[in-house]
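Q: Chains as they are written, first to last, in the numbering used here: chain S, 2 to 738; chain R, 274 to 383; chain Y, 4 to 511.
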Amino acid sequence: MVVTLIGIILLCPLAAFAIFALFGLAKRSFPRQDLLSTAAMLVALVCSFILLREVVPDPEPHTVDWISIGKITFSMGFYLDSVTVIMLIVVTLVSSLVHIFSIGYMHGDPRYPRFFAYLSLFSFSMLFLVVSDNLLGIYIGWELVGLCSYLLIGFWFEKDSAANACKKAFLTTRVGDIGMFIGMMMLFAKFKTLSLYDGSENGIFTLVEGLSGTGDMIWLSIAGVLIFCGAVGKSAQVPLHTWLPDAMEGPTPVSALIHAATMVAAGVYLTARMFPILTPGSSLVIAYVGGITALVAATIAIVRFDIKRVLAYSTVSQLGYMMLAIGAGSYVAGLFHLTTHAFFKALLFLGSGSVIHAFHAMHAHHNDEHTNGEEHEHDDHSLVHEHGSEIPPDQDMRNMGGLRRKMPLTFITMLIATLSISGVPFIFSGFWSKDAILGGVLGRAMEWNSVHHYLLFGMALCAAGITAFYMFRLIFMTFFGEPRNQEMHDMAHESLWVMVVPLLVLAILSLPVVNKLWFNKDYIIRPDQPHVHAPQHAYVSPDTKTGDVDFGIVFFGISEAEAAEDEGGQDIGHADDAHHAAHELAHNIAMVLSIIVAGLGILLSWLFYHRRRFSAESVATKFSPVYNLFWNKYYFDEFYDGVLVALTVWKSRLFAKFDLSVVDGIVNGVATIVRQIFAAFIGFFDNRVVDGIVNRVAEVTWAAGGRIRRIQTGAIQTYLFVVLGGIVLIILIFRAL
Amino acid sequence: MSLQHYLVISAILFSLGIFAVLTRKNAISILMGIELILNSCNLNFVAFSRFVTPSENIVGSEVFRLDGQIIAIFGIVLAAAEAAVFLAIILAIYREFGSIRPDKVDTLKG
Amino acid sequence: MLLSLMIFVPLLGMIVVLLLPRESEELIKRVALVFTLIPLVLAVYLYITYNQPDLEHLWKQNVPWIETFNIQYHVGIDGLSAILILLTALLGPICVLASWRNIEKGIKAYMALFLLLETGMLGFFAALDLFLFFVFFEMTLLPMYFLIGVWGGPRREYAAIKFFLYTLFGSVLMLVAIIAVYLNSGAPGDRTFDIPTLITLAGTAGHALADPVFQRWIFAGFFIGFAVKVPIFPFHTWLPDAHVEAPTAISVILAGVLLKMGTYGLVRINMDMLPEGMAYFTNGVGFVGNSLALLGFINIVYGSFCALAQTDFKKLVAYSSIGHMGFVILGLAAGNEVGVTGAILQMFNHGVISAMLFLLVGVLYDRAHHREINGFGGLGNRMPIYTGITTLAFMASLGLPGLSGFIGEAFSLLGAYERFQVLTILSTIGIVVGAAYFLWTLQRVFLGTLNPKYEDLPEINRREILTLVPLGILTIVLGIWPHFAIEMFSESVVELTTKIMGTLQASL
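Right under this line is the structure:
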């Protein structure tokens with residue numbers, strides 16, 4: 002049953018893509034690729050919901066032997082636990098909605114069928130990644146989603162910026178993937194398997210429990226961090242985050258699906274999957290990367306004017322939150338935020354897509370390109386590309402304003418999403434998930450008495466405030482105030498129903514009541530982390546120090562009452578008042594603080610961008626060094642292009658030159674030496690000595706021949722005379738004998 | 274008549290033939306010299322056959338073997354054929370060089 | 004019997020082609036196609052039956068050849084040679100099809116030489132007698148020389164001579180090693196060239212062939228011979244020149260099969276026959292003990308970086324071949340099951356993928372008459388099918404999971420990591436750089452706005468698609484279910500690696 006359903010879920014989108022590819026080889030295209038792909042996704046969605054009921058605790062993976070060589074077997078298979086199902090539903094749900102939205106958004110594009118085929122391929126890859134029970138399978142899905150991301154970012158590949166962005170995305174994530182692959186090699190070398198769960202033989206999670214000792218712990222920490230490198234790339238964490246904002250060159254539905262809701266969350270999913278192998282060391286690295294990302298990206302987002310870039314940096318920032326949560330041990334909070342974020346961020350992107358679409362600019366811009374073609378320098382393609390490219394006018398928030406009357410549904414849905422992401426209390430899902438993370442981090446900080454976690458909590462709190470600020474800045478600039486560009490404003494209109502319906506569905510999903518469907522306390526079980534123990538100095542009761550305490554699931558964030566209830570429920574078995582109390586306290590403090598910072602952020606934003614009490618420009622001039630830092634995105638791109646990429650290209654040129662001049666030079670040199678010196682000597686010898694002898698012989702023969710030929714008179718009678726003489730001579734000789 | 278007589282005649286014919294071949298300036302004469310040489314040989318064959326080859330005794334009567342004579346007949350036939358070829362060559366030479374004097378035909382001179 | 008038939012059918016084809024009149028070009032091409040299809044059919048039959056004991060006799064033959072020196076005509080297959088024979092037989096008809104239109108002069112001589120080449124390659128992979136092995140090795144050399152030297156590009160003579168001399172240099176060392184092995188194989192009269200016998204003798208304690216010092220020297224001799232062919236840095240510079248000058252189909256054979264002859268030799272002779280020598284060069288102790296893995300690492304990184312700097316499409320693919328063959332060396336150096344399996348898979352997959360890449364370069368070259376990467380741009384719009392297939396080939400080559408290139412690379416690395424941690428980690432740089440040069444090429448050729456010069460460039464035609472589709476399908480199928488290939492040679496690999504690892508442990 003489970004295998005069949007998962008099979009259907011995977012095969013439907015794959016078949017949709019395969020049909021496209023086969024038709025393509027025959028130089029045709031399937032008549033209604035859009036409906037085909039959408040239908041495939043809807044079937045997968047239904048199957049995912051059916052699977053919701055099939056989850057059992059501690060499931061067995063369903064595997065087949067993929068490759069077996071001697072004693073070593075690589076298996077491929079499905080693993081279905083609650084996390085898998087939640088991911089399945091998130092992916093299929095958002096994907097279905099994006100498919101429907103795209104029917105309207107992409108209408109009229111010359112490569113319209115191809116877009117849907119790519120979406121199908123992406124959905125397949127992402128679902129495959131999610132259901133895989135082993136690292137190799139996850140890695141396969143991982144790279145395939147990377148490919149789809151590459152294809153879709155570069156969907157409008159005539160634009161140089163898109164062509165650059167897709168390449169950058171693929172390469173940057175590949176750097177992270179290499180880390181992940183090295184981590185896999187380490188695990189494989191140690192455990193001789195890449196399966197995570199116990200099937201016919203023990204999986205990594207069981208084997209890892211057997212490790213002990215400092216050496217093993219250091220080894221395991223390194224392996225954990227390396228695996229996490231893959232997530233850093235895919236989830237756009239600092240320092241590999243630079244590709245995600247550039248990825249906004251892709252069509253907006255793609256940004257919603259891949260670069261906000263699903264693929265980028267795969268990194269979080271992976272980190273969550275690998276939760277049991279994390280050690281305190283690797284957890285702290287993850288938490289710090291997440292915390293720094295959350296803060297850095299949020300600050301960059303403040304100063305962006307491109308509506309999609311703001312959302313992109315906001316995505317990076319929120320992904321940082323999730324990483325922080327998992328690094329701090331708040332497994333459930335991280336996954337909860339992943340889910341809520343998927344919905345409200347997809348909503349934000351689709352909403353922005355609706356706005357962009359409303360400006361007709363997508364078509365205008367696109368057609369423009371097909372008819373005129375930009376001025377294009379062909380030799381300008383280089384591995385180093387420019388940044389700070391012009392913001393397309395249809396995405397520039399400085400051209401917007403006052404759209405709330407023109408596009409009421411888009412406005413309301415986007416407002417719901419914004420309230421959610423900003424953490425406005427109680428009725429919006431984002432509040433609960435964000436609060437769960439903040440509470441989790443603070444809880445661990447208090448419990449372990451750890452400076453690191455206090456610091457991380459501070460970072461997260463700052464980021465929360467900044468998030469509220471820039472998200473409302475976006476809303477105020479776009480939907481409130483007076484239209485800044487009257488001409489474009491006049492063209493704007495509410496979008497087609499195919500585009501509005503997904504917005505409404507996502508808006509409903511951003512309300513917490515819906516999330517309750519799966520986020521109840523029995524659903525997600527936080528796996529054990531055998532090697533994470535509270536440090537010695539921690540403020541905990543004695544039995545925590547022994548190390549076999551599971552902190553349990555702390556927050557579900559459905560409602561305050563439920564959260565409290567959950568805690569009680571989860572902590573049965575290792576009831577420990579001290580840490581229970583710490584977490585409850587932390588939860589309350591975090592909630593209050595997060596409401597305060599969110600409120601502050603919104604208030605400031607209101608003052609700056611709606612009431613115009615303060616001028617953003619004057620603040621920018623006053624703090625110009627800081628502003629420049631934010632505006633230039635902390636100079637990451639400059640550093641990469643100017644140093645890393647340039648270095649690579651330089652090195653490759655050097656190698657090529659070395660190859661041509663030194664290695665090949667030696668070969669040719671040897672050839673020349675052989676030819677010029679050795680051969681010259683041999684030639685001399687040959688000419689003068691060997692050939693000399695030959696020539697002398699020839700000359701002598703020639704001269705002799707010249708003399709002897711006189712005999713040859715040509716007169717036949719002379720010959721006969723000689724013959725006769727010869728005969729006489731012979732007779733005489735014989736006589737003499 | 275003993276064998277010697279035949280051999281002497283044959284030797285005279287042979288010498289005359291050689292003399293003709295070596296000294297004549299006309300190709301026809303040379304041909305005739307060659308014929309003399311050939312016929313001297315034929316004479317020798319017949320003579321030796323008659324005087325040297327032992328007779329065989331077949332069914333009581335003495336029978337002479339005729340090997341030499343037969344070879345002589347072959348020789349005559351060959352001489353006839355050779356003369357024909359020779360004359361043909363002479364004709365061709367005449368057409369080419371306008372002469373049948375062998376000392377004029379020295380294309381093979383080295 | 005069938006094996007010998009397969010080897011010599013192309014030779015028969017050569018004779019038939021030579022008997023045909025020069026003017027009937029279509030007929031010559033068709034005859035050549037038929038005579039390359041027959042080995043393919045037989046190879047498919049081989050794939051079906053290679054492991055059925057009752058049909059084993061079909062796939063081996065052993066008759067005396069030159070009895071004075073105990074030389075035999077001994078051919079046979081195991082999983083490794085079977086998979087490479089399959090590859091050779093597959094590429095044969097594809098190359099004939101790829102030469103259909105773009106060989107302008109002397110199609111008769113071209114096809115005759117090509118058929119001779121195929122006999123040489125098939126025979127090489129099947130030979131089980133060292134002398135025969137060497138004869139077939141050399142038999143590929145001469146046709147290749149003429150095929151590059153006559154039908155090549157502007158610098159064809161230079162490239163052909165370089166290729167010829169380089170390979171000859173290697174094979175001379177190999178010949179010396181072969182003679183040394185022969186002379187040490189027993190008392191006069193008992194000496195043998197028979198590879199299975201020699202392998203047994205080399206494993207017999209106390210035998211002259213089992214002497215570790217002797218094995219090291221012989222290993223080096225064979226290794227240099229094969230290293231030229233692979234090619235391993237620093238013996239690689241013939242490769243870019245030969246590829247750039249060779250006509251498309253010959254590049255395909257060169258990259259697809261000829262390079263594999265080197266690595267096949269490494270497995271068949273250096274690893275199987277000389278485990279002591281192998282252990283000495285891969286025991287991980289000091290410089291010498293790491294040398295084989297180091298060469299693999301250098302090939303990967305060096306080849307990839309060189310490829311990144313190329314602007315000639317074909318040269319880029321040629322350097323990428325050097326990089327990819329590095330994974331084979333690294334996997335073989337590991338000597339364990341996973342590594343060797345990865346290496347052999349990589350051999351096969353690189354044969355398929357690089358064949359695709361060279362065919363694709365050829366398609367573009369036939370249309371635009373140049374290969375300068377920067378001179379194109381925006382072809383994605385003009386030639387969508389071509390772009391799609393190229394993307395597939397590029398992705399397979401850069402090791403995208405789900406396509407066959409990944410499995411070989413990943414397993415080579417997984418296996419090598421157990422033995423050579425640092426070198427393997429450094430080798431992964433090659434994967435990133437590999438992605439970089441392929442994506443950059445993809446961008447420069449296909450993305451961006453269409454270069455107005457190529458507004459009328461015709462889309463890839465049916466015949467060209469026909470040559471690419473089987474390879475593309477193989478790439479996808481083996482990426483999803485590599486077991487199809489692995490099951491062929493897994494037994495041989497287990498046997499081989501058990502021996503290697505045993506020797507290695509004994510030597511440490």
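For every residue, glycine included, the Cβ atom is placed at its ideal position computed from N, Cα and C.
Determine the chain S residues that contact Glu421 of chain Y at a beta-carbon separation under 7 angstroms, and present them in chain order.
A: Ala190
Q: Check Pro67 of chain Y in the structure and name its three-state DSSP category.
A: strand
Q: How many angstroms separate the CA atom of Ala446 of chain S from the CA atom of Val290 of chain S?
A: 17 angstroms
Q: So which residues of chain S does Val294 of chain R contact, with C-beta pairs closer than 8 angstroms?
A: The contacting residues are Gln718, Leu721.
Q: According to DSSP, what are the bridge partners of Glu375 of chain Y?
A: Y:Asp315
Q: Would you kindly report the start and end of the unbroken beta strand (DSSP E) that includes Val336 of chain R?
A: 334-336
Q: Could you check whether the segment 28-35 of chain S touches the segment 95-114 of chain S, counting it as contact only if at least three pairs of C-beta atoms, one from each stretch, sit closer than 8 angstroms?
A: Flag = yes, the segment 28-35 of chain S and the segment 95-114 of chain S touch.
Q: For Leu725 of chain S, decide whether its Cβ has a neighbour in chain R, counting only Cβ atoms nearer than 8 angstroms.
A: yes
Q: Can you say whether Ile623 of chain S is buried or exposed, counting buried as having 16 or more other CB atoms within 10 angstroms of its CB?
A: Correcting the residue type first, residue 623 of chain S is Lys in the shown sequence and not Ile. It is exposed - the Cβ of Lys623 of chain S has fewer than 16 other Cβ atoms within 10 Å.
Q: Just grab the DSSP bridge partners of Thr411 of chain S for me.
A: For Thr411 of chain S, which the question treats as bridged, DSSP gives no partner whatsoever.
Q: Buried or exposed: where does Arg711 of chain S fall if 16 or more other Cβ atoms within 10 Å of its Cβ makes it buried?
A: exposed
Q: How long is the line joining the alpha carbons of Gly155 of chain Y and Ala371 of chain Y, rounded to whole angstroms?
A: Taken atom to atom, the span from the alpha-carbon of Gly155 of chain Y to that of Ala371 of chain Y is near 17 angstroms.
Q: Would you mind stating whether Ala347 of chain S and Val86 of chain S have Cβ atoms separated by less than 8 angstroms?
A: no
Q: If we cut at 8 angstroms on Cβ distances, does Gly715 of chain S have a partner in chain R?
A: yes
Q: Considering only residues of the same chain and omitting the five flanking positions on each side of Asn187 of chain Y, which have a CB-CB separation below 8 angstroms?
A: Ala211, Leu212, Phe217
Q: Near Ala130 of chain Y, what residues of its chain come up, given a Cβ to Cβ distance below 7 angstroms and the 5 sequence neighbours on each side ignored?
A: Val78, Phe136, Phe139
Q: Count the other CB atoms, across all protein chains shown, that sit within 10 Å of the CB of Val291 of chain Y; report buried if there are 16 or more and exposed otherwise.
A: The residue is exposed, with fewer than 16 neighbouring Cβ atoms inside 10 Å.
Q: Hey, is His373 of chain Y's beta-carbon within less than 8 angstroms of any beta-carbon in chain S?
A: no
Q: Is Leu319 of chain Y near the ligand NAP, in the sense that its beta carbon is under 7 angstroms from a heavy atom of that ligand?
A: The ligand NAP is not among the ligands present in this structure, which contains no ligands whatsoever.
Q: At what residues does the beta strand (DSSP E) containing Gln75 of chain Y begin and finish?
A: Under the DSSP assignment, Gln75 of chain Y falls in the beta strand (DSSP E) whose first and last residues are 74-79.
Q: Report back the beta-carbon spacing between Ile70 of chain S and Val497 of chain Y to the nearest angstrom; my notes put them in contact at under 8 angstroms.
A: 7 angstroms
Q: Say whether chain Y places a C-beta atom closer than 8 angstroms to the C-beta of Val131 of chain S.
A: no
Q: Cα-Cα, which of Y:Gly326, Y:Gly287, Y:Pro13, Y:Lys108 is closest to Arg25 of chain Y?
A: Y:Lys108
Q: Rounded to a whole number of angstroms, what is the C-alpha to C-alpha distance between Ala166 of chain S and Gly391 of chain Y?
A: 19 angstroms
Q: Tell me Glu329 of chain R's beta-bridge partners as DSSP assigns them.
A: R:Val336, per the DSSP bridge assignment.
Q: On a Cα-Cα basis, can you pick out the residue from S:Ala461, S:Leu128, S:Trp143, S:Leu594 that is closest to Leu11 of chain S?
A: S:Leu128
Q: Whose Cβ in chain S lies nearer than 7 angstroms to the Cβ of Val341 of chain Y?
A: Ile70, Ile73
Q: Using a beta-carbon distance cut-off of less than 8 angstroms, what residues from the segment 367-382 of chain R approach chain S?
A: Pro375, Asp376, Val378, Asp379, Thr380, Leu381, Lys382
Q: So the alpha helix (DSSP H) Asp491 of chain S belongs to, where does it begin and stop?
A: 487-492
Q: Flag this pair as touching only if the segment 144-158 of chain S and the segment 56-74 of chain S have three or more C-beta atom pairs under 8 angstroms; answer yes or no.
A: The segment 144-158 of chain S is not in contact with the segment 56-74 of chain S.
Q: Could you give the DSSP three-state label for Gly403 of chain S: helix, strand or coil?
A: coil
Q: Can Ala321 of chain Y and Val425 of chain Y be called in contact, C-beta distance under 8 angstroms?
A: no
Q: Where do the N-terminal and C-terminal ends of the alpha helix (DSSP H) with Thr294 of chain S fall, by residue?
A: According to the DSSP assignment, Thr294 of chain S belongs to the alpha helix (DSSP H) that extends over 281-303.
Q: For the beta strand (DSSP E) containing Met249 of chain S, list its first residue and its last residue.
A: Note, Met249 of chain S: premise wrong, no beta strand (DSSP E); not H, not E.
Q: Report the neighbours of Ile291 of chain R on chain S: residues whose CB is nearer than 9 angstroms to its CB, in chain order.
A: Leu721, Leu725
Q: Does the beta-carbon distance from Ser322 of chain R to Gly341 of chain R come in below 8 angstroms?
A: yes
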